[in-house]
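K.L.:
Under the numbering used here, residues 327 to 445 are what the sequence shown spells out, in order. We put the beta carbon where it would ideally sit given N, CA and C, even for glycine.
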Amino acid sequence: MNSVYSPEMYYNRMLAFLRAYRPLTKTYLARNDLLTLVRSLWYLGIVDHKSRNYYWKIMRKSISHYQGAFSEVVTMAIYGYHFRKLFWSPKLPIKLEEWLSGVTLPRIVSGSAPEKLRV
327 MNSVYSPEMY
337 YNRMLAFLRA
347 YRPLTKTYLA
357 RNDLLTLVRS
367 LWYLGIVDHK
377 SRNYYWKIMR
387 KSISHYQGAF
397 SEVVTMAIYG
407 YHFRKLFWSP
417 KLPIKLEEWL
427 SGVTLPRIVS
437 GSAPEKLRV
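Quick look at the structure:
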């Protein structure tokens, strides 16, 4: 998952999408959209040091070549940030057995059920 949502690969996929995308209607920004844009500029363009260069690159490309898809670009950039937060792992993937070794499951004695399961 680290490579799928790495900033470079994600933004390259965004560019590929923009090359093929043809919006059917023109979109207009609402007040809420403007707030989202400002927050996106702050968090993705300034605070997030891992992907800010790619963010600014895709924003420049969107403004210069794909103005009709600008809101989609901002939305996809936010999705990418969200996916990186969910799936980014600084460690190598561990084996299922190693992960389960740290999990303690409740022990059920034969013939009795936990209090919450009794009817």
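Kindly indicate which three-state DSSP category Ala-342 falls into: helix, strand or coil?
P.N.:
Of the three classes helix, strand and coil, the one that applies to Ala-342 here is helix, per DSSP.
K.L.:
With distances taken between CB atoms, is the gap from Val-399 to Ile-384 smaller than 9 Å?
P.N.:
Cβ atoms of Val-399 and Ile-384: closer than 9 Å.
K.L.:
With distances taken Cα to Cα, identify the nearest neighbour of Lys-411 among Arg-339, Leu-361, Tyr-392, Ser-377.
P.N.:
Ranking the options by Cα distance to Lys-411, first place goes to Ser-377.
K.L.:
Can you list, in chain order, the residues of its chain whose CB lies under 6 Å from that of Tyr-337, leaving out five sequence neighbours each side?
P.N.:
Cβ within range, chain order: Tyr-380, Ile-384.
K.L.:
Please classify Leu-443: is it buried, with 16 or more other beta-carbons within 10 angstroms of its beta-carbon, or exposed?
P.N.:
In this predicted model, Leu-443 has a pLDDT of only 49, less than 50, meaning its place in the structure is not dependable; the value taken from the coordinates is given anyway. Exposed is the call here.
K.L.:
Is Tyr-350 helix, strand or coil by DSSP?
P.N.:
In the sequence as displayed, the identity of residue 350 is Leu instead of Tyr. Note: Leu-350 maps to coil in three-state DSSP.
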